[in-house]
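Notes follow the structure.
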Amino acid sequence: MKLALRWSLFFSSRFQLSVFMSQHRRRRHKEYIPEERYDIDGRLIKNEAALKAKTWNLRDILRDPSKKAEALEKGQAFIKQQRGKLILSDDRPWSHESDEIFFSRKRDGLAAWMMPRGSPIYYEFEGFFVKLKESLQSATPSSSSSAAQHGTSSSLLQSEGELLRHALILFHDFQHKKRTNLKEKLEKYRAELPITAYANAILHTLAQHRVLLVAGDTGCGKSTQVPQILMQAGYRKIACTQPRRIACSSLARRVSYETLNEFGTEIAYQVRFEKTKTKRTRVLFLTEGLLLRQYAADPTLSMYDVIIVDEVHERHMMGDFLLALLKRLLQTRQDLYVVLMSATINAELFAQYFDAPTLNVPGRMYTVKTHYWTSDKEDKNLVNDAEYNRRQRAIVKESVPSKSERVDPAPYRRVMEYIDQSIPITERGDLLIFMSGINEISQLADALKEYAEHNKQWIILMLHSTLAVDQQEKVFDMPPEGVRKCIISSNIAETSLTIDGIRFVVDSGKVKELTHDATSNMSKLSEFWISKASAKQRAGRSGRTGPGECFRLYSENEFEHFNDFAVPEIQRAPLEPLILQIKALDLGDPRAFDYIEAPHPDAINASMEFLQNLGALDNAENITGLGTVLANLPVDAVIGKMLLMATVFNLVDPVITIAASLSVQSPFTRLNPETHSDIIKNRRICHSEHGDPFTLLNLWQQWLDAKTDRKISSRSWCRRHGLEEQRLYEIAKMRRQFEKVLNDFQPGLLQFLSADSDTEDKEKERQSKRDMLKRERYEQRSSKRRRVLTMEYEGQEDWQMENEGPADIRDLEFSMTNNLKDLRQKAALLSSVDVDLIKLIICSAFYPQLAIGDAHNPYRNSNEIVFHTRFKNFLSIHPTSVIAAHPDWVQGLGENVRKDDEAVERALQHQLLCYLQLLETNKPHLLGITRVPGIHTLLLCAKTIDTNADCSVLVFDSYYMAQFRTAQVAAFVLYQSYRLRNTWLRLLNQRIGRGLGRRVAHQAIEDYVVTPDIADENMPKVIKRIIKEEQQRQQDDTTTDLWTPAVEARYQEQVSQLAAQLAEAMETAISAEFRIAKPSELIKMYPKYKAPVEEQEGIPRSWNPKEVIREGIQITSAIHYNSLDTPSTASSIPIEEQRIPRHVKIYWYCPHCDSTYSFTLPQIHEHLASCKY
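Counting from 1, one number per residue, gives the positions in the sequence shown under the UniProt record's numbering.
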């Protein structure tokens, strides 16, 4: 009883003391307390204060070997003595009081310094303690309940505390032994890696040459061992770049694991919006893009001694650009060392570029037996020796197109039959088939499932990037006993994923590649033959864990005619990100840059023109203030401009949702209309007549509503609507990242990013969720159980429905980083004004990506309607677009069809489609479509607007033509667009200037200065007015040196006025004929052209807008007055004869008062009745 009371007093006093210490952390300096003292009589006695201070100290015990050995011996004796006798509560590992005493950081817990609550080692100890407690529990069934009812809390706390003290000592000893064993295994593992034998050679060569290329095949250990070799050699600041974000975190964890975390935060990773880097970090794994941003801030990269660039053979565009910068930097920094790490493929290219020595390291692969498919039907285009020699000599490489054929399943079945007949079923070994694309994968999977259902020895799985995440993860699961996996994959399994157990590979030799056509700015997804390097990579997938076999479904002769290497990204992708960085870093003309392999000049010119249209470059190809901001933002330039425009109009939330949705894969899964008609019908609640971005906005709002509805789970809601919820979580994460991007651009711009003033209850709830999230993550990482696949082919879609585990973690992460109530409030329904402004924001970023419907669309079938752009004709709506489900929104009606008011109103809007991307598969398609009013959009976004003498004819960007019935209306909308564009640009520049900390000027008109002499009597009044205002604007040089609250208030007032004016302009119809100008018409309208080159003399002129020499007067950077030689189209049509719905506003000119108004038809009649002029 005395012992129990003593322990009770000890723990309660210790708990009170810890509370006291947590409140007075600055008073922790312990005073010396002697063990003996003199009493009143002068006798030397024991000092009770010293005895009380001698509490159990885990740190002291573990530091002192003798104390540790003694504590370990006592612990073992205690366990032996108490086995089967201890009585403790079963409801949780230990009580809340014990958790506070031992593991709370706030309470300065006894073991918190070693395993604080929520840490991975805390959960590991929890599992250890539970097993230990179970072995000690009394066998009496009612013991736990009786203890809970009759035992005092102090006695339970005493027993629990004593067990925890001994358990901590035993656990530490267990961990020490485990670490010792692990260290021995890791040392043996590292010694067996091929790279280890080259450690001295790496250090010696690097010290001598300052740059080194390590060329090693898969499995040699270069990615994990080279950073450790350099760190152990004494290099203090090492950067190791990776092409993918996930590789940075996984490699940092792997290196920390191999070093048993003895370096702590000295090994870290940093990617966009996430890092573990501290001041102590010596080895930092980071992405290539992040290192480029660091270069922009510090062109000498002084924070690093050594820079390792890994996976350089993958030839990513920004990876190639980084190598070019490092080559320049080596000339200016003599203390910098660079290590390039590559697979053996194409290593000579990098060695020659840097003039660097190469260290070839063998891989660690098993032998792979290769079989070629003999066929009489070789691809003649591929095996043509003349074509092959031409491709080899070409400076700009190109992939070899393959013949498009329907998939023949016979060769693949024969391989499966060969495996069944020659390999005992007891031997493990799965099959991996490489196909070119999604359609080919699906066709082959359907055919092979028939064989598998009959055979009962195979499970057929598909793997490609558009599959749901849970479906992709099935390829890592184990098949049942006596069954093999057959994984039919795209090239995602070539390098990005490693699947254990693959023994057989079938290589179709084909790949779907996304190429970019610079002239039409269109991406094209076509089938090509792979390279020899890719064929080698595919075959190597079967030799990772043991000897394997590769079946190549092409002849050896065809293989010999493959390209040696894949075409680098810089020669087949849009170059806007690269050129923007070259301009921002002031590295000169992109056409003369020192590339490893230069892109085609046409691709450079096309990207320069794209950046000029975006406003990132001016007409002289110099970077603008907007371009500087876009180069600094860690997002795509188009997305960056959308975000900046959203800050001007205070529409950040809907625009970042759209931007985030466009930056991830579509949440909508691919469905068969015949078998999933109910799901397709359910999706219609998200459809928006405004287009795909607004459909995604509706989806976001509907998902948030489902999140707050406690009657259903959001995951089941997603299943009913054919949605992949993982993509919605990605959108939520991307939204948060975009918010941080904007706040970094201008701190305080988004007030809602400031720390929430949570109540104590909310903070406790968040802490509880935080603990749950940590526990779920630990259990997911530490779980060693692998799921077993089933043989149910028809019902395999239900697998996703049953597996709810990962969704819990994602939901916890979502609730931890987002306030659901705030998100729902921000995602409220948009007003018509908001919709109009968002459309303008989208158009300002995507311009000139606009498409106009073909004149014959009203007479075509709904699935055959086509559209035209400045760059490409006869484009179809992509099947994934919401417009494809509602073609009547864009088809139009024929002249002989009676039109209701809605159809007339739609016609008055002169509809255009603003698109995100052109993509060609079996035919060219428009993706990411937004419906916008045509003339309105072009007036506000077009780069050139040409007029005739009375402004009744306007030609936008030498492609679209508007012919007005009333010249005064045409002149008025031209003047209105000038004012709106001018105000818009000024407010945007003010926002950019505030973010940059400097003034951003308007773009000036080149080679022309407006003078009063130019204005003559025949000019329309509004043209004279524009000239006068333009003169005043150019003379006005007012700047804002200090952005005070008063300046911000004035700015917001101007934004509100502009938003109202833009909305009114967008809602007012324009009565004009709007269409594509015919080339023959344009040739006549522009009478003056550049002289033809010698080769073209005598050939009839074809329309080329770049050859036009504009006459007339350039009155603004966009407007060219009287540059068109064409007669007036103005006519006097009474308002009564025009078919206008009564509720629709239209621009109308009153000849009596010589003014133009935005009126409805009743307002026009009312004005005519009261007009005094």
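Every residue, glycine too, gets a C-beta built ideally from N, C-alpha and C. It should be emphasised that the depicted structure is a prediction, and the values quoted were computed from it without experimental measurement.
Non-local beta-carbon contacts of Val-1022 in its own chain, meaning distances under 7 Å to residues more than five positions away in sequence, involve Ala-971, Phe-972, Leu-974 and Tyr-975 in chain order. Contact between Tyr-960 and Ile-1119 fails: their C-beta atoms lie close to 15 Å from each other, not under 8 Å. In this chain, the beta strand (DSSP E) harbouring Asn-360 covers 358-361. Cβ-Cβ distances below 6 Å link Leu-132 to Ala-167 in the same chain, with the five nearest sequence neighbours on each side left out; the list follows chain order. By the beta-carbon neighbour count (other beta carbons within 10 angstroms, threshold 16), Glu-1053 is exposed. Between Val-211 and Leu-330, the C-beta spacing is below 8 Å. Counting the other Cβ atoms within 10 Å of the Cβ of Leu-461 gives 16 or more, which makes it buried. Taking all protein chains shown into account, Cys-1171 has fewer than 16 neighbouring C-beta atoms within 10 Å of its C-beta and is therefore exposed. Shown here, Glu-549 sits in a strand according to DSSP, grouped into three states.
A straight line joining the alpha-carbon of Met-231 with that of Leu-290 spans about 22 Å. For Gln-352, the enclosing alpha helix (DSSP H) has its first and last residue at 347-354.
The region 65-80 makes contact with the region 163-179; the number of CB pairs closer than 8 Å reaches 3 or more. Under DSSP, Val-255 forms no beta bridge with any residue. Around the beta-carbon of Ser-223, 16 or more other beta-carbon atoms lie within 10 Å, marking it buried. Take Lys-583, set aside five residues on each side of it, and the residues of its chain with a beta-carbon closer than 6 Å to its own are Ile-623, in chain order.
Taking the Cα of Leu-156 as reference, the smallest distance to any Cα among Ala-268, Glu-97, Tyr-123 and His-516 is reached at Glu-97. The three-state secondary structure of Glu-1107, taken from DSSP, is helix. Listed in chain order, the non-local C-beta contacts of Ile-425 below 6 Å within the same chain comprise Gly-482, local neighbours out to five positions each way being set aside. Cβ atoms of Met-317 and Ile-570 come within 8 Å of each other, at about 5 Å. Going by beta carbons, Leu-644 and Arg-986 fall outside the 8 Å limit. Between Tyr-372 and Arg-538, the C-beta spacing is not below 8 Å.
In the three-state scheme derived from DSSP, where H, G and I count as helix and E and B as strand, Arg-428 is classed as coil.
Selection Ala-493, Leu-742, Val-955 and Leu-206 evaluated against Cys-941 yields Val-955 as nearest (Cα-Cα). Between Thr-947 and Tyr-1147 the beta-carbon gap is near 16 Å, outside 8 Å, which marks them as no contact.
Fewer than three Cβ pairs drawn from the region 711-723 and the region 645-665 lie within less than 8 Å of each other, which leaves the two stretches out of contact. The DSSP assignment places 267-271, 283-287 and 306-309 as complete runs of the beta strand (DSSP E) inside the region 263-332, in order along the chain (cut-off: 3 residues). No Cβ-Cβ contact shorter than 8 Å links Asp-692 with Ser-402. Of Thr-628, Ser-666, Phe-171 and Thr-817, the smallest CA-CA separation from Thr-466 is found for Ser-666. The shortest C-alpha to C-alpha distance from Leu-704 to any of His-600, Asp-408, Lys-1088 and Ala-732 is the one to Ala-732. Contact between Val-271 and Arg-253 is absent: CB atoms are separated by about 13 Å, not below the 8 Å threshold. Look at Gln-963 here: in three-state DSSP terms it is strand. Per DSSP, the unbroken alpha helix (DSSP H) holding Gly-934 starts and ends at 934-941. Around His-690, the same chain offers Val-835, Lys-839, Thr-930 and Arg-931 as residues with beta carbons nearer than 8 Å, after the five sequence neighbours per side are excluded. Take the alpha-carbon of Asn-861 and the one of Phe-874: they are about 14 Å apart. In this structure, the straight-line span from the alpha carbon of Val-655 to that of Gly-363 is close to 48 Å. The C-beta distance from Tyr-451 to Met-478 rounds to 21 Å, too long to fall under 8 Å, and the pair is not in contact.
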